[in-house]
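Asks: Note that the protein sequences, when read in sequence, are chains A and B. Under numbering that gives the first Met the number 0, the first sequence has 313 at position 314, and the numbering climbs by one with no breaks. Under numbering that gives the first Met the number 0, the second sequence has 31 at position 32, and the numbering climbs by one with no breaks. Ideal Cβ placement from N, Cα and C applies to all residues, glycine included. Here the structure is a predicted model, which is why all the values come from computation and not from measurement. Submitted below is the structure of interest, expressed as structure tokens.
There are 2 protein chains.
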Amino acid sequence: MSALPNAHGGSGLTPRLLQGSKLHDERRRAQSLPAIPVSSRERGDLIMLGIGGFTPLDGFMTAGDWRSVCRDMRLENGLFWPIPITVSASHAHADTFNEGADIALVDAGGEIVATMTVIEKYSIDKAFECRSVFRTEDSEHPGVRMVMAQAEVNLAGPVRVLSDGGFAQRYPGLFMTPEQTRTAFAAKGWSKVAAFQTRNPMHRSHEYLAKIAVETCDGVLVHSLLGNLKPGDIPADVRTRAIGALIDNYFVADTVLQSGYPLDMRYAGPREALLHALFRQNYGCAYQIIGRDHAGVGSYYGPFDAHRIFDEIPHDALETKPLKIDWTFWCYRCGGMASERTCPHAPEDRLLLSGTKLRKMLSEGTAVPAEFSRPEVLDILRAYYAGLDEKVEVKLSGHSAR
Amino acid sequence: MSALPNAHGGSGLTPRLLQGSKLHDERRRAQSLPAIPVSSRERGDLIMLGIGGFTPLDGFMTAGDWRSVCRDMRLENGLFWPIPITVSASHAHADTFNEGADIALVDAGGEIVATMTVIEKYSIDKAFECRSVFRTEDSEHPGVRMVMAQAEVNLAGPVRVLSDGGFAQRYPGLFMTPEQTRTAFAAKGWSKVAAFQTRNPMHRSHEYLAKIAVETCDGVLVHSLLGNLKPGDIPADVRTRAIGALIDNYFVADTVLQSGYPLDMRYAGPREALLHALFRQNYGCAYQIIGRDHAGVGSYYGPFDAHRIFDEIPHDALETKPLKIDWTFWCYRCGGMASERTCPHAPEDRLLLSGTKLRKMLSEGTAVPAEFSRPEVLDILRAYYAGLDEKVEVKLSGHSAR
């Protein structure tokens, strides 16, 4: 039996989270350092650096790495990397310290997430980053908006992470480090693990994708994004409960591991699909399932751009390979789940529900076909939307009462 | 994009079928050679040698190769080979020529299928071959029975094949040589092709196996055995028509190629699964689908012995790798096709029909659940069994009239 894939870079995991007395001492020292606020995305990246998900990065990228990653999807040392991992500060903040200084990175809740030795301050061409990474400069794109909202000065240098962001406490048993998933895979005797990336509840189309992987691999890691999404998306606690209900009722226990990771969505489509494969390699997965419009948003990417980009990178860029699967759905003539590759029938034979339509059905109490989603999953979503509607009503009535 | 796997041995296909004037001349010469009868299995092997399916063999095995293949699954030169490919003659026949002589190999219909230069005559320990290849000496095993029925003297040497056995004419468009399937794959732009081995009509469980391969590979070769089976099995023309109906109605045209190959079944279970993968490598397939009890018969093999044996051979024995899939069925609680790996429900939630029960339902006109088999397939099988019953009735009434 072959082993799990190597961590990216080939020299083992490089978690940046301090432990024990080192953590204690660094937390004390951090109090006296210049405090620089970080965005939600930057905080997620720090926690990922902390747990070793971004191995072998030791911190935020230099100007040289940033440019090389944008242009050629590689660090200056040649290692494959598809998306810049950067932190930024305003001029007002950046002027309070010189290159070489140590700083404290503070999240919106006031917690010092990490300390950092700043080896370089630099400014970037944000439009160039957006064109390179997102293939657009359109400010409607949520990833573009995040880059455009960054402060003026990028800061490069190694970080020492002081917190897991509370994810372990908020998602007990669900939030796992790459070291932990690798240990879990080994304990199960798995070597060929496929990662199923999700930022949504899983309906039958997603179950089908994951089960194709179960049929052909040792197991599947159902890996939920636990960071932030764009407004209107279903929050992580609801999503992960719905996924848990699906797994409990429709999966064989020894074929699946449900877990989560701390990043925010960038919505970079093809480039983010590559990042997903990269960090899943660190988590020990040999395959990354890539479905239709992976990590996309709106209509910025062709539905299979994220398939094609894996053919455009060097063969040895990543050990983790894509498991490319076409658009999936229930087909009434097939009498089963299928994809564009396995169903020869017409669109009208297929059950298709948009997210908008599903939400409307759930809110209004209309029955959703069992061929679209499992009743156990729908119950959880229905309760969530009912709660939302109550809040909206409370807000509206509060408003009208003024 | 990677290329198709190399022919076994790595030096290109080695078809032994003569062409043009060489064929004409050899046919004439063959008339004057000692005529040795061959069995149905030996005839199938000759045609496979003719079309290059047994590349790089140039003929029937020597005593040294036979022993090495039985014992270690390799030729004396070290090349992986899981099952002896041999021809035998009675003492009476073998005494009519010396080692070094050329002979003509004649099938039951009187056709000279090949000529052969006999480099060695040898006798074998048939029980040793049976224990090695079939894991049993039980004479109820149809493969054992075939070996035990072989004549006393094995003949080794290179062959020149003079006929395709009429397969091309009997199965136009369906019978293809390895060269032809490779050309077809290349024309379709396929490099990652999975072979689905079948000696039965395809019901939904088989469709599901093939479609898992379609979801994850460039295409699937549905490859029917066109040689002989044990008595009572459905003949190749009926099977291939039923499979054609399934493909026409339930597969996407560009994802599947239906074809057939000329061998008889040996029922060697795990060892035959390896032979299937070996000759599929010659046909250009990167994967061989291995389901439950692959190439088995009765209860001679554990249901997943043919999975395990692929882990027991050297990593570089074959370029073609197994696509191992568990036992598959319709599950009413899943509301779909599933396997033991993807369905957590109880046996009573699943639709299971034995071959015997299916035949009874088809013969008696009972409705077969659509979750078990496609109506287009069942129509063809129903007509076949109705024809059989008529023949039986004709025979019976003829008999009673005497």
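Judging by CA-CA distance, which residue of F166/B, K323/B, D106/B, L380/B is the nearest neighbour of V237/B?
Replies: Checking every option, the nearest Cα to that of V237/B belongs to L380/B.
Asks: Identify every run of the beta strand (DSSP E) within the segment 227–282 of chain B, keeping only runs that are complete inside it and at least 3 residues long; order them along the chain.
Replies: Segments of the beta strand (DSSP E) lying fully in the segment 227–282 of chain B: 255–260.
Asks: Do you know how far the Cα of L351/B is from the Cα of P302/A?
Replies: Between P302/A and L351/B, the C-alpha separation is close to 38 Å.
Asks: So is V255/B in contact with chain A if we call contact Cβ pairs under 7 Å?
Replies: So no, V255/B is outside the interface.
Asks: Taking 6 Å as the cut-off, is the beta-carbon of L3/B closer than that to any non-hydrogen atom of the ligand ADP?
Replies: Absence of the ligand ADP is noted for the structure shown, with no ligands found whatsoever.
Asks: Mind reading off the beta-carbon distance from G156/B to I46/B? Whole number of angstroms is fine, and I expect it under 8 Å.
Replies: Rounded, the Cβ-Cβ distance is 17 Å, inconsistent with contact.
Asks: To the nearest angstrom, how far is it from the Cα of L22/B to the Cα of C216/B?
Replies: Answer to the nearest angstrom: the Cα atoms are 39 Å apart.
Asks: Using a Cβ cut-off of 7 Å (strictly closer), state whether M336/B contacts chain A.
Replies: Judged by the 7 Å Cβ criterion, M336/B is in contact with chain A.
Asks: Taking buried to mean at least 16 other C-beta atoms within 10 Å of its own C-beta, is T182/A buried or exposed?
Replies: With fewer than 16 other Cβ atoms within 10 Å, it is exposed.
Asks: Taking only runs of the alpha helix (DSSP H) that begin and end inside the segment 322–397 of chain B, which ones reach a length of at least 4 residues, in chain order?
Replies: The qualifying runs are 354–363.
Asks: Using a beta-carbon distance below 7 Å, is K210/B in contact with chain A?
Replies: So, interface residue.
Asks: What three-state label does DSSP hand A29/A in the structure shown?
Replies: Here A29/A sits in helix by DSSP.
Asks: Show which residues of chain A have a CB atom less than 7 Å away from the CB atom of E347/B.
Replies: Going along chain A, no residue has its Cβ under 7 Å from E347/B, so there is no contact; the nearest lies around 17 Å.
Asks: Quick check: is the beta carbon of A2/B nearer than 7 Å to any beta carbon in chain A?
Replies: Answer no: the Cβ-Cβ gap between A2/B and chain A never drops below 7 Å.
Asks: Please state if the CB of T61/B and the CB of H7/B are separated by a distance shorter than 7 Å.
Replies: Contact: no.
Asks: Shorter than 7 Å from the beta carbon of P343/A to some beta carbon of chain B?
Replies: Chain B contact via Cβ: present.
Asks: If you reduce the DSSP assignment to three classes, tell me which class L12/A lands in.
Replies: Looking at L12/A - three-state DSSP - the assignment turns out to be coil, as it is neither helix nor strand.
Asks: Could I get the ranges of all uninterrupted beta strand (DSSP E) runs contained in the segment 24–96 of chain B, with 3 residues as the minimum, in chain order?
Replies: For the segment 24–96 of chain B, whole beta strand (DSSP E) runs of length 3 or above, ordered along the chain, are 34–36, 86–88.
Asks: Going straight from the alpha carbon of D304/A to that of H222/A, what length do you get?
Replies: Each residue's alpha carbon lies about 22 Å from the other.
Asks: Threshold first: 3 residues or longer. Then list the beta strand (DSSP E) segments lying entirely within the segment 113–138 of chain A, N to C.
Replies: 119–121, all fully within the segment 113–138 of chain A.
Asks: Can you tell me the Cβ-Cβ gap for K187/A and D253/A, rounded? I've got them flagged as a contact below 8 Å.
Replies: Right, the Cβ-Cβ distance comes to about 7 Å (below 8 Å), so this counts as a contact.
Asks: Name the chain B residues that come within less than 8 Å of L322/A, Cβ to Cβ?
Replies: Here the neighbours are T215.
Asks: Grab the span of the alpha helix (DSSP H) containing H205/B for me, first residue to last.
Replies: Start and end: 203–215.
Asks: In the DSSP assignment, find the unbroken alpha helix (DSSP H) run with A185/A in it and report its ends.
Replies: Taken as a continuous stretch (DSSP letters only), the alpha helix (DSSP H) holding A185/A covers 177–187.
Asks: Between the alpha carbons of S20/B and I102/B, how many angstroms are there, rounded?
Replies: Taking the straight line joining both Cα atoms gives about 20 Å.
Asks: Going by DSSP, which residues form a beta bridge with A103/B?
Replies: Beta-bridge pairing links A103/B to A34/B, T114/B.
Asks: What's the gap between the Cα of D57/A and the Cα of E347/B?
Replies: Approximately 54 Å between the Cα atoms of the pair.
Asks: Just to confirm, are L154/B and A88/B a CB contact at a threshold of 7 Å?
Replies: Contact flag set, yes.
Asks: Using the beta-carbon of each residue, which ones in chain B are nearer than 8 Å to E370/A?
Replies: Those are G334, listed as they occur along chain B.
Asks: When DSSP labels each residue in this structure, what does V296/A get in the three-state scheme?
Replies: If DSSP states are grouped into helix, strand and coil, V296/A belongs with coil.
Asks: What's the C-alpha gap between Q18/B and N227/B?
Replies: About 26 Å.
Asks: Under a Cβ-count criterion, where at least 16 other Cβ atoms within 10 Å of its own Cβ denotes burial, should A366/A be classed as buried or exposed?
Replies: The residue is exposed, with fewer than 16 neighbouring Cβ atoms inside 10 Å.
Asks: Following the continuous beta strand (DSSP E) through A193/A, name the residue where it begins and the one where it ends.
Replies: Its beta strand (DSSP E) spans residues 192–197.
Asks: Find out if the Cβ-Cβ distance for the pair G43/A, D263/A is shorter than 7 Å.
Replies: The answer is yes: Cβ separation under 7 Å.
Asks: Going by other Cβ atoms of all chains shown within 10 Å of its Cβ, with 16 needed for buried, is P171/B buried or exposed?
Replies: Exposed, by the Cβ-count rule.
Asks: Helix, strand or coil, according to DSSP, for P4/A in the structure here?
Replies: In the structure shown, P4/A sits in coil (DSSP, three-state: anything other than H, G, I, E or B).
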